[in-house]
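Protein chains in written order, with the numbering used here: chain A, 1 to 241; chain B, 1001 to 1232.
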């Protein structure tokens, strides 16, 4: 579904952030990326929907190379939902407007269809009563769940999560992870950058370990956590587990 | 000077229907300020958006240079000089009746330079994550600017923008330099007829003050309305 070929990213003339990454993410996979901070995992994720433009290499989505001049990136991003560490809800719009904005503006749905969709999605996360509230009236966990359904309203084929629980108070991490777990169970293709090892163990179909811009090890979670091969991964796991 | 206030008021406002001079002058002042504010906001927003976008695309650098030259020249020269250049050089052949519009244009172009910097600061005050969220949903650059960035930017810059409107409104009092009969010029005309400076000048000062207070009140109201989403 998403393929990267020899992906390289550096900011200006700075050090290389992504060093020749070739990766293939299949439909239905739940890929969880872990690694020390500064290892390039967020940058890798952001290269997948071209929020960061790769310095070199190719990014393919559903059979087409997308980092070519002339490609309508906006159209491709409709199919790749993204969830951010800082939620990035639109503060001047109500919860409902946050969800309906993109589908209606892009004329994918009528106002009525989008409204019904928003209602259904909000019911799912138990926030139907917050439809007309503004983001500033929500807790962190509620904000992040709204941000997830905002992306889901576009009916994406894949969801990218960039440290979705890192900015949350500890007691709110659970509600967000539970919802992500449900999504995973329903078959959503997911790429998740996170520090939540418990979630990774339960949900991932494949783990990636990144350090210094390279993927140093990848394996199913059982092997990844139970029998890590790379010494740097061993070191990393010994610190975070 | 203060010996016959009622008589002075009478000769300033009532005699020869002089109040009509003030009313007409006020209308001209409001017209010039109104056109200039609309023009200034339009030009300023365009310049600001151009500058913000040009920064991201190397090929558009020349646009940024043009915008910078505009801002530097306009902010670096006195508005009176700009007005005189506009009237006596650029529109030298225009008819007398066009003078108020030439003045409005000069003030609009002048205000645009200040508004541009205010709006640019406003756009940059909105968190980068807002743009990323919009774009990640598939919204175009233009939609993201219109629907997400601009509304938040306007909210942040409303006080600065209001300040600019007030300054602009008061600055129009110099249009007498190019023979436009605005409120200040009307007072000067009446003063020269009655040989009484006190009543006409205090009268128009109060008028300017009243209108500025009105603008401030309207802006405060707007600010409160835009602040709706801040409730916690």
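We treat Cβ as the ideally placed atom computed from N, Cα and C, and that holds for glycine.
For this session: From the DSSP output, in three-state form, read off residue 39/A for me.
Result: coil
Problem set entry | Beta-bridge pairing of residue 165/A - partner residues as DSSP gives them | The partner list for residue 165/A (beta bridge, DSSP) is empty, contrary to what the question assumes.
Problem set entry | Backbone secondary structure at residue 1056/B - three-state DSSP | helix
Exercise. So, residue 160/A versus residue 145/A, is the Cβ gap smaller than 8 angstroms?
Worked result: no
For this session: List the endpoints of the continuous alpha helix (DSSP H) containing residue 117/A.
Result: 111–124
Problem set entry | Beta-carbon proximity list for residue 1012/B, same chain, < 8 angstroms, skipping 5 on both sides | 1018, 1190, 1194, 1196, 1199, 1200, 1203
Problem set entry | residue 211/A - partner residues in DSSP beta bridges | 214/A
Exercise. Do you know how far the Cα of residue 1097/B is from the Cα of residue 1085/B?
Worked result: 17 angstroms
Problem set entry | From 1210/B, 1032/B, 1051/B, 1228/B, residue whose alpha carbon lies closest to that of residue 1122/B | 1051/B
Exercise. Excluding sequence positions up to five away, which residues of its chain have a Cβ less than 8 angstroms from the Cβ of residue 1031/B?
Worked result: 1100, 1104
For this session: Quick one: residues in its chain with C-beta nearer than 6 angstroms to the C-beta of residue 1155/B, no 5 flanking neighbours on either side, listed in chain order?
Result: 1226
Exercise. For residue 167/A and chain B, any beta-carbon pair shorter than 8 angstroms?
Worked result: no
Problem set entry | Contacting residues, own chain, Cβ-Cβ under 7 angstroms from residue 197/A (five flanking each side not counted) | 240, 241
Problem set entry | Straight-line Cα distance separating residue 1118/B from residue 1077/B | 19 angstroms
Exercise. For the alpha helix (DSSP H) that residue 180/A lies in, which residues bound it at each end?
Worked result: 170–185
For this session: May I ask you to report which of helix, strand or coil DSSP gives residue 12/A?
Result: coil
For this session: Taking 8 angstroms as the threshold, find out whether the stretch 106–122 of chain A comes into contact with the stretch 84–91 of chain A through three or more Cβ pairs.
Result: no
Exercise. In this structure, does DSSP put residue 5/A in helix, strand or coil?
Worked result: strand
Exercise. For residue 1082/B, which of 1161/B, 1094/B, 1061/B, 1106/B has the nearest alpha-carbon?
Worked result: 1106/B
Problem set entry | Proximity test, Cβ basis, 8 angstroms: residue 1219/B and chain A | no
Problem set entry | C-beta neighbour in chain D for residue 121/A, strict 8 angstroms | As a matter of chain content, chain D is missing from the structure shown, whose protein chains are A and B.
Problem set entry | For residue 33/A, the first and last residue of its enclosing beta strand (DSSP E) | 30–34
For this session: Quick one: grab the DSSP three-state call for residue 226/A.
Result: helix
Exercise. When you compare only the Cα positions, how much space is there between residue 1232/B and residue 95/A?
Worked result: Since pLDDT at residue 1232/B reaches only 48, below the 50 mark, its modelled position is unreliable, and the value read off the structure follows with that caveat. Rounded to whole angstroms, residue 1232/B to residue 95/A spans 14 angstroms at the Cα level.
Exercise. Taking only beta-carbon atoms, is residue 143/A less than 8 angstroms away from chain B?
Worked result: no
Problem set entry | Start-to-end residues for the alpha helix (DSSP H) that takes in residue 58/A | Per DSSP, residue 58/A belongs to no alpha helix (DSSP H); it is in the beta strand (DSSP E), 56–61.
For this session: Report the rounded CA-to-CA distance for residue 1172/B versus residue 1207/B, giving the unit in angstroms.
Result: 14 angstroms
For this session: Classify residue 81/A as helix, strand or coil using the three-state DSSP reduction.
Result: strand
Exercise. Applying a beta-carbon distance threshold of less than 7 angstroms, which residues of chain A neighbour residue 1056/B?
Worked result: Chain A residues near residue 1056/B: none, gap ~11 angstroms exceeds 7 angstroms.
For this session: Between the Cα of residue 26/A and those of 2/A, 20/A, 137/A, spot the shortest distance and give me the residue it belongs to.
Result: 2/A
Problem set entry | In DSSP terms, what residue 189/A is bridged to | 158/A
Exercise. Roughly how many whole angstroms lie between the Cα atoms of residue 1136/B and residue 1170/B?
Worked result: 45 angstroms
Exercise. From residue 180/A to residue 218/A, what distance separates their C-alpha atoms?
Worked result: 22 angstroms
Problem set entry | residue 9/A at chain B interface by Cβ criterion, 8 angstroms | no
Problem set entry | Inter-residue CB distance, residue 193/A and residue 45/A (contact presumed, cutoff 8 angstroms) | 5 angstroms
For this session: At 7 angstroms on the CB atoms, spell out the chain B contacts of residue 204/A, in chain order.
Result: Near residue 204/A there are no residues of chain B at all, since even the closest Cβ is about 23 angstroms away, more than 7 angstroms.
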